[in-house]
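So for the sequence shown, numbering that gives the first Met the number 0 puts the first residue at 0; every next one is plus one.
Each residue gets a CB set at the ideal place from its N, CA and C atoms; glycine is no exception.
None of the values given here were measured: they were computed from a predicted structure.
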Amino acid sequence: MNHGGAFRLGPGLALLIVAAMLLGGLAVPPAAATSPPPAVNLTGSVHGPNVLGLSGAGSYFINATGGPAVLPNGTVAGAIRYYASLTGSNLTGVSFFPANATIGPGGLTAKLTVNNLSQSLVLHLLIASTYQTQNQSINLTYSVTVVRPYVLTATVVAGPQTILSFAATVSLDGVAVGSVTIPTLTPHQTYALTFKYPTLGLSPGWHTFTISVTHAHGLVVFAGGALTYSQSFYIPPAPANYTIWYVAGIAAFFGAIFIFVARVGARRRNRRK
Numbered sequence: 000m001n002h003g004g005a006f007r008l009g010p011g012l013a014l015l016i017v018a019a020m021l022l023g024g025l026a027v028p029p030a031a032a033t034s035p036p037p038a039v040n041l042t043g044s045v046h047g048p049n050v051l052g053l054s055g056a057g058s059y060f061i062n063a064t065g066g067p068a069v070l071p072n073g074t075v076a077g078a079i080r081y082y083a084s085l086t087g088s089n090l091t092g093v094s095f096f097p098a099n100a101t102i103g104p105g106g107l108t109a110k111l112t113v114n115n116l117s118q119s120l121v122l123h124l125l126i127a128s129t130y131q132t133q134n135q136s137i138n139l140t141y142s143v144t145v146v147r148p149y150v151l152t153a154t155v156v157a158g159p160q161t162i163l164s165f166a167a168t169v170s171l172d173g174v175a176v177g178s179v180t181i182p183t184l185t186p187h188q189t190y191a192l193t194f195k196y197p198t199l200g201l202s203p204g205w206h207t208f209t210i211s212v213t214h215a216h217g218l219v220v221f222a223g224g225a226l227t228y229s230q231s232f233y234i235p236p237a238p239a240n241y242t243i244w245y246v247a248g249i250a251a252f253f254g255a256i257f258i259f260v261a262r263v264g265a266r267r268r269n270r271r272k
């Protein structure tokens, strides 16, 4: 009962209100956790030969870093992967392996194998960096031209003892352009080697391939006993473009006819007078 206008809570009701306040406080949801922003934006690269010979193959180094997968302190918490595809006029027998893979901190190497058709190929790489619900991606392209290569052939002969496999250096006009692996040879065994050099073109004139087996210390020689072998070939200059002379000649011809007709017409007019 209320005496003197004052309102007082009973002990039971006070406890219920306090409990409700506590429960209400516990019911407030905590602030949503947010993932840290990436340390740097995602970047990637691909490196490898941009010219391959018919039915040849090349190695391509792929690397990427950054994006959500890399935390601000540099820790790789997520994953960075690439997904590859190719475009070209004829992709029968053309492959890129692996077609997709995880890129580790040191990058990775993939292999492009081409067919025996001269054509231009484009390698497309989608690189994605993901961590939890975050993701970032970039697209890279790399052009590769498939051409008919220049071919160097030679025959080597082993000496009186077994020779382990080694690489022979190949030079073009005095500049090293590659090497060819000579397998293990038994005593007096012969081996026919082949080196293919793909290029978008060489300047007109004479060029010389030279291959050396000096690494074998005289235990392997070319037929005839030499330690080096050279093969020269000639590239003719492009045919002259006579189109401009044809046009000039035609113009001169019709010009001469015009002058002749004009003079004849003038003479006839003079005679009539």
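Residue nearest to residue i in terms of C-alpha spacing, selected from the options
i    : options               : result
L139 : G217, H46, P235, A237 : H46
F60  : P71, G217, P97        : P97
S142 : N49, P238, S231       : N49
Q188 : L70, P159, V174, R80  : P159
V75  : G217, A83, A63        : A63
A215 : A127, A68, A83, L184  : L184
T227 : T152, L163, W205, L70 : T152
G105 : A127, V39, S44        : S44
CB of residue i within 8 angstroms of CB of residue j, strictly
i    : j    : result
L171 : I181 : no
P186 : T154 : no
A56  : L107 : no
I210 : V169 : yes
A78  : T129 : yes
V150 : A222 : no
T213 : S229 : no
As assigned by DSSP and simplified to three states, the class of residue i
i    : result
T86  : strand
H187 : coil
T144 : strand
T213 : helix
A31  : Its pLDDT being 48, under 50, A31 is placed unreliably by the model, and nothing is read from it.
A18  : No answer about A18 holds up, because its pLDDT of 47 lies below 50 and its placement is not dependable.
V39  : coil
W205 : strand
F102 : Note that residue 102 corresponds to Ile in the displayed sequence, not to Phe. Correct three-state label for I102: coil.
T129 : strand
G224 : coil
L25  : With a pLDDT of only 46 at L25, under 50, the local geometry of the prediction cannot be trusted, and no value is derived from it.
N138 : strand
S54  : coil
Whole-Å CB distance - residue i paired with residue j, under 8 angstroms assumed
i    : j    : result
V179 : A167 : 5 angstroms
L41  : I137 : 5 angstroms
V113 : L201 : Rounded, the Cβ-Cβ distance is 21 angstroms, inconsistent with contact.
Check: residue i C-beta below 7 angstroms from any heavy atom of the ligand GDP
i    : result
S128 : The ligand GDP is absent from the structure shown, which contains no ligand whatsoever.
Between the region 119-129 and the region 85-104, do at least 3 Cβ pairs fall closer than 8 angstroms?
yes
The region 144-151 in contact with the region 187-207 per 3-pair CB rule at 8 angstroms:
yes
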